[in-house]
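Shown next, in structure tokens, is the structure this report addresses.
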Amino acid sequence: MSLFRRRKNEDDVAVDLGDGDGDELVTDEEGDDDGGGRGPWDVEDEPELGGRIDLGAVRVPARRGMAVRMELEKTTRRVVAVNVALESSALQIQAFAAPRTEGLWDDLRGEIAESIGKQGGSVDERTGPFGPELLARLPVRTPDGRSGHRPARFLGVDGPRWFLRGVLTGKAAVEPEEAVVMEAVFADVVVVRGSEARAPRDLLTLHLPGKPGEVVPETGAPRPDLDVLRPRGPEITEVR
Numbered sequence: 694m695s696l697f698r699r700r701k702n703e704d705d706v707a708v709d710l711g712d713g714d715g716d717e718l719v720t721d722e723e724g725d726d727d728g729g730g731r732g733p734w735d736v737e738d739e740p741e742l743g744g745r746i747d748l749g750a751v752r753v754p755a756r757r758g759m760a761v762r763m764e765l766e767k768t769t770r771r772v773v774a775v776n777v778a779l780e781s782s783a784l785q786i787q788a789f790a791a792p793r794t795e796g797l798w799d800d801l802r803g804e805i806a807e808s809i810g811k812q813g814g815s816v817d818e819r820t821g822p823f824g825p826e827l828l829a830r831l832p833v834r835t836p837d838g839r840s841g842h843r844p845a846r847f848l849g850v851d852g853p854r855w856f857l858r859g860v861l862t863g864k865a866a867v868e869p870e871e872a873v874v875m876e877a878v879f880a881d882v883v884v885v886r887g888s889e890a891r892a893p894r895d896l897l898t899l900h901l902p903g904k905p906g907e908v909v910p911e912t913g914a915p916r917p918d919l920d921v922l923r924p925r926g927p928e929i930t931e932v933r
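Mind the numbering: the sequence shown is residues 694 to 933 in our numbering, read in order.
Okay, here's the thing in structure tokens:
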């Protein structure tokens, strides 16, 4: 499965993770780094769920006020991505199988840059808190028909037989002080690779919280896709 193939047949489902009105997501609000290093983590290193949400292949740390949306493939109802939104920023998370002896991120950065360039965008590679990352300017069409761009940061971490990708949009893509919280969320993700044989780049299985294998019913939600050029979440657009 291609990591960046355009998908036309997807829905998304908002997940209510709290009691009551659903807009409070209260967990341990101590520091995200306990001094033992920086994630993302493999489940063998962080086996306890703690204050994280079990979504199958990934366990995502909950934060007060954070909204979680699951992207679904329209025809199969399979969960294909996790989106978390907090204040004016959003983070898309996906985990993939990787080779035992080498990572994927070195090759994928070039593929992402080439894909975005072909569609009229631009990419700068730089070093961030997780190592090499991409700062992209994704081409968009504004409501009045003019051309603009949407900034996005592509994060990648190679783990033991898995690869975790994050895409930051909104203020966290361009403002360092706004990025700190979302970077901490990404750093505290735990990946559950599983022991089964998988081809490199296969999407690892995701599910709604605590509901593995459940078929998600049809909803009236809009149908986003996984195209990195599709506007998603809070945006900062420059008109030209």
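Every residue gets a Cβ at the ideal spot worked out from N, C-alpha and C, and that includes glycine. In this text the structure is predicted, and so the values were computed from the model without any measurement.
Between the CA atoms of residue j and residue i - distance to the nearest angstrom
i: Gly838; j: Asp851; result: 39 Å
i: Leu797; j: Trp855; result: 9 Å
i: Gln787; j: Asp799; result: 17 Å
i: Asp747; j: Arg731; result: 20 Å
i: Met759; j: Asp881; result: 15 Å
i: Ala935; j: Arg757; result: Absent from the structure is residue 935, since the part of the chain shown begins at 694 and ends at 933.
i: Glu739; j: Ser888; result: 16 Å
i: Leu765; j: Val775; result: 9 Å
i: Glu804; j: Lys767; result: 26 Å
i: Leu742; j: Glu795; result: 28 Å
i: Val921; j: Arg770; result: For Val921, the predicted structure reports a pLDDT of 39, less than 50, and the residue's modelled location is therefore unreliable. The matter cannot be settled from this model.
i: Pro836; j: Arg745; result: 38 Å
i: Gln812; j: Arg894; result: 23 Å
i: Glu826; j: Ser840; result: 25 Å
i: Ala892; j: His842; result: 34 Å
i: Gly824; j: Pro853; result: 16 Å
Integer-rounded CB distance, given that residue j should sit under 8 Å from residue i
i: Gly821; j: Leu848; result: 7 Å
i: Val878; j: Pro754; result: 6 Å
i: Leu779; j: Val874; result: 6 Å
i: Thr862; j: Ala890; result: With a Cβ gap of about 34 Å, Thr862 and Ala890 do not count as contacting.
i: Glu818; j: Arg802; result: 6 Å
i: Val761; j: Val777; result: 5 Å
C-beta atoms of residue i and residue j nearer than 9 Å
i: Val751; j: Leu896; result: no
i: Ala829; j: Ala806; result: yes
i: Ile809; j: Leu784; result: no
i: Val885; j: Pro733; result: no
i: Arg901; j: Met763; result: The sequence shown places Leu at residue 901, rather than the Arg named in the question. Yes, they are a contact pair.
i: Gly749; j: Val773; result: no
Residues bridged to residue i [DSSP beta-bridge criterion]
i: Pro825; result: Thr820
i: Arg858; result: Gln787 and Gly849
i: Met639; result: Lying outside 694 to 933, the shown extent of the chain, residue 639 is not represented and no answer is given.
i: Leu779; result: Ser782
i: Ile805; result: Bridge partners of Ile805: none, in fact.
i: His900; result: In DSSP, His900 forms no bridge with anything.
i: Val884; result: Asp735 and Val751
i: Gly796; result: Gly796 pairs with nothing; no bridge assigned.
i: Arg830; result: Ser815 and Pro844
i: Arg745; result: Pro754
i: Gly863; result: Ser782
Per-residue burial, residue i [other beta carbons within 10 Å of its own, 16 or more giving buried]
i: Ala872; result: buried
i: Glu876; result: buried
i: Arg793; result: exposed
i: Ser782; result: buried
i: Glu870; result: exposed
Below-9 Å beta-carbon distance, residue i vs any chain D residue
i: Thr898; result: Checking the listed chains, one finds no chain D in this structure; it contains a single protein chain.
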